[in-house]
Every structure is written in structure tokens, then in C-alpha cells.
Amino acid sequence: MIRDPELLNQLLDTISRFVSERLIPNEARLADEDAVPPELLQEMQEMGLFGLSIPEEYGGLGLTMEEEALVAMAIGKTSPAFRSIFGTNNGIGAQGILIDGKPEQKARYVPRLATGELLSAFCLTEPDSGSDAASLRTTAVRDGDHYVLNGTKRFITNGPEADLFTVMARTDPADKGAGGISAFIVEGDTPGLQRGPADRKMGQKGAHTCDIIFDDCRVPAENIIGGLEGQGFKTAMKVLDRGRLHISAVCVGVAERLVEESLSYAMERRQFGVPLASHQLIQAMLADSKTEAYAGRTMVLDAARRKDAGEDVSTLASCAKLFCAEMVGRVADRAVQIHGGSGYMAEYAVERFYRDVRLFRIYEGTTQIQQLVIARNMVREAS
């Protein structure tokens, strides 16, 4: 749902200029330094990017799902690490508090997430539980007016820098499934919270992850989200539809950037006396990539509009995540192929994107998890 087309177009134009004039020229610097330049981080805060999906009453822009998808596509035209640093504040870092948090929890934390004063992280994955998130082992034991947390979380985006963590921990040891899990708000300077060394990754330089270790970490009981035990896994699942559509939209933006890079190179590079773009086999790869990027855009926007209309889009969000994450991988592969030997060289953007996009098929639920979600929903609905 687009509420005010004129205002949205102004926002999209502003973001597109920021991407083309500030972010794309700094992609190599981002990769070389493995960090978002501080002046760009400040500009992101000033533009309100940390509060895109946070309601206006808490200082955010309050974008609808369709509006957020269009913004994510625009931001997707540059290195994914630029989006990653503020994406968690808009998604799983804030949405759990917004959906199930108590009014005082929302008032205390969400406005500072919207401005980027606080950087957030979401702690669900563990060394022995990734896709099977309901089997997590981190414990939270009640001790007076506190809970004592023990356990390790793995691959936590923004972990090295985050000021605020949403942590899933087991409060009922007798319940080995999802029902024994609760969600906690843990501030980054809480004693007993330790950060492991930053992970060395295949791609997405500048987007940092690490282990987060809880060693007798005492968290005030008032920081359990919603004030209730046993609701944590449900809270985590509630934020996934929006998160999966957001990531799908980013995949579309990256795919469209790769199509642009491929077309530009194919028109400039000459082989056998003519531009590469004149060769039919190159044209076929360009056409396939253009078609798939368009299909992904259409899927995401349709699902986003349905979500804004109040429909349950769990199946459609998984469909979009499955297709778009796989699609952008194919588009990146073709982009490297079209560039030939140059596509394997680090000075060309397609080499970096080829590594960056591989992660999309893994986080926010792997492709295989999306397949299970879609099929199970189909069977349940048919029954």
C-alpha cells in the first residue's frame, strides 16, 4: 500500500541519489576497510534509514510493507553491507519489541533504534541450532528480579558493535521445543555478555558478525519481551514475514544492479569485431537475468501489498525469499560469465557481488527451510 505517491517518490529519489553518489563510489573502500565509513553511517542516521519501518510515533518513517520493499530495492543497488548495518534496527532488532513488547519497553528502546543511537542485533542461532532454531540451548533461569543467561549465540549480525540484543533463551527446561523459549532485551554493556572475535566471511565485507557468549549474564526480569515466559519463539516467527520480504526486495535490487553492470559491459566490450551485446548467447544471458529480476520484483510487491491489506502472507513471503535468493545467485553467475576473465577480477563489482549474494540463500531461513514452510502451509491449508 502506497499512502502518498509523491512523498514516496521523493524518498526514493533521495535514496537513489545517495546510493549512486555516496555509496557506490565507496564500495571498494567498504570492502578494503571491512567497515562502513563513519561519515556515511552518520548520513544514514540523518536520512532516517535506521527507522524506515518503525512507526512515526517512535520517531521512524512508518513505511508500509510495499513502501519498505521499494526502498529496499533502491538500497539493494549497492553493496549489501551498507544496508545490513541499519537493516536489523528496522527488522528483527525492533519488530519483536514493537509486536510483543510492553509499552514501557517500546518507549525506552524503539525511539533510539529509529535514530540509530542504538545499534541492534538478534540472537537466535547457536553452534548446534541453526535451521532447527526451536532446539536452542541457551538458558535463562529466574533468580529473584533477574534472569541469569548462559549459552552461546553464533553468526550474530552487528554483534561486534551492537548496543542492544534481542535474545532467545530457554526458560522452561522441561519443554524442549518452542514453547519453552522466551525473548529478552539485553543491553550490550550488561556484565556477563561477551563478544567473540569478528568472523572472517566469504563476502559482505563491512557487515560484521561474531559469537555472543552469555556467562552468568544477569538480565532484569522486566526485560522479558511482553512480560511473559514461553512467548519468545512465537515472537521470533512473527517478525519473519516482514524480514523475508525485505531481504527478497534487497535481492531484487542487487539483481537489477547486476543486470545494469552486465549490459554496460556487454555494450562496451568488443569481441570478433562487434560488441559482446551483439552475440546471441550473450543476449540470452542478459534476457534471462532481466526476466528473472522482473519476476522477483513482481512477486515481492504482490506479497507486500497483500500483507498491507491484512492477509496472512507466510507462504508468499517464503515463496518470495526462496525465488529471489536463488534468482540473484543465478543473475550474479551470469554477470561474471558475461564479464569473462574480467568478472573474476576484484576490481570489477560483479566479482564482489558474486560472493556477497551467496549469503541470501542462507540467512532469514535457508532455501530448504522455505521449501518446508511452503509445502507444510500448502498441506495444512488443503486439509
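Numbers given in this note's numbering equal positions in the sequence shown, counted from 1, plus 4.
We put the CB at the ideal spot given by N, CA and C, even for glycine.
Note that this is a predicted model, so its numbers are computed, not measured.
Within 10 angstroms of its Cβ, does residue i collect 16 or more other Cβ (buried), or is it exposed?
i, result
"S124", "buried"
"G55", "buried"
"M172", "buried"
"Y358", "buried"
"E260", "buried"
"M331", "buried"
"F289", "A small fix is needed here, since residue 289 is Met in this sequence, not Phe. So M289 ends up on the buried side."
"M206", "exposed"
"A118", "buried"
"G148", "exposed"
"G277", "exposed"
"A350", "exposed"
"S252", "buried"
"K311", "buried"
"G345", "exposed"
"L376", "exposed"
"A240", "buried"
"V383", "exposed"
"R356", "buried"
If you compare alpha carbons, which of the options is closest to residue i?
i, options, result
"E264", "P195, V335, L326 and L244", "V335"
"L168", "T175, F276, V190 and V152", "V190"
"Y113", "S88, I378, M241 and E61", "E61"
"E70", "E330, E355 and R246", "R246"
"D220", "L197, Q235 and G277", "L197"
"Q235", "V383, A350 and S186", "S186"
"I160", "Q208, A178 and T213", "T213"
"Q14", "L74, H283 and G63", "L74"
"T92", "L285, G257 and A76", "A76"
"L128", "Y298, G120, R174 and V145", "R174"
"M303", "A291, Q287, L326 and I286", "L326"
"A297", "Q287, Q275, D38 and V258", "V258"
"K180", "T143, Q46, I366 and D292", "T143"
"V254", "P59, G52, P107 and R365", "R365"
"I28", "R87, T68, L67 and E165", "R87"
"L65", "L267, L305, L12 and F126", "L12"
"R26", "L44, E10, L305 and E37", "L44"
Ordered along the chain, which non-local residues of its own chain (more than five positions away) have a Cβ less than 8 Å from that of residue i?
i, result
"S135", "G369, T370, Q372 and I373"
"Q99", "S57, K242, V243, R246 and G247"
"K110", "Y62, I101 and L102"
"G184", "R174, T175, D176, P177, A178 and G234"
"L16", "L74, V75 and A78"
My understanding is that residue i touches residue j, with C-beta atoms under 8 Å, so please give their C-beta distance in whole angstroms.
i, j, result
"H150", "Y269", "Going by Cβ atoms, the distance from H150 to Y269 rounds to 58 Å, so no, they are not a contact pair."
"G314", "A35", "With a Cβ gap of about 41 Å, G314 and A35 do not count as contacting."
"F188", "N227", "6 Å"
"I79", "I19", "6 Å"
"R141", "D215", "Not a contact, Cβ separation roughly 14 Å."
"R380", "M5", "Wrong, their Cβ atoms sit about 28 Å apart, outside the cutoff."
"G347", "C328", "In fact, because the Cβ distance is near 22 Å, the residues do not count as touching under 8 Å."
"Q208", "A339", "About 17 Å; that fails the 8 Å criterion."
"A138", "A182", "4 Å"
"T156", "I96", "That pair is no contact at about 19 Å."
Keeping to the same chain, check which residues put their C-beta closer than 6 Å to that of residue i; ignore five residues upstream and five downstream.
i, result
"M48", "F90"
"G333", "V361"
"A122", "In the sequence on display, residue 122 carries Leu and not Ala. Counting only Cβ-Cβ distances below 6 Å, and skipping sequence neighbours, we find R116, D167 and L168."
"V40", "I89 and G210"
"G120", "Q49 and F54"
Within the same chain, show all residues whose beta-carbon is closer than 7 Å to that of residue i, passing over the 5 residues directly before and after it, in chain order.
i, result
"V223", "H150, Y151, L153, F188, V190 and T194"
"A307", "L249, V317, L320, A321 and A324"
"A353", "E31 and E265"
"V23", "A78, I79, K81 and T82"
"E72", "L56, S57 and H250"
"K294", "V263"
"S282", "none"
"I286", "A270, L280 and I342"
"G231", "K106"
"R33", "P41"
"P407", "The displayed coordinates of the chain run from 5 to 387. Any statement about residue 407 would go beyond what the structure contains."
Can residue i be considered in contact with the ligand NAD, in the sense that its beta carbon sits closer than 7 Å to one or more heavy atoms?
i, result
"E385", "You won't find the ligand NAD in this model; it holds no ligand whatsoever."
Going residue by residue through the region 155–241, where are the continuous beta strand (DSSP E) segments of at least 3 residues, counting only ones entirely within it? 168–174, 185–191, 197–199 and 213–224
Within the region 84–142, ranges of the alpha helix (DSSP H) (whole runs, at least 4 residues): 84–94, 99–104 and 107–119
Segments assigned alpha helix (DSSP H), at least 4 residues, entirely inside the region 246–331: 284–312
Mind listing, in chain order, the continuous beta strand (DSSP E) runs of no fewer than 3 residues lying wholly within the region 20–69? none
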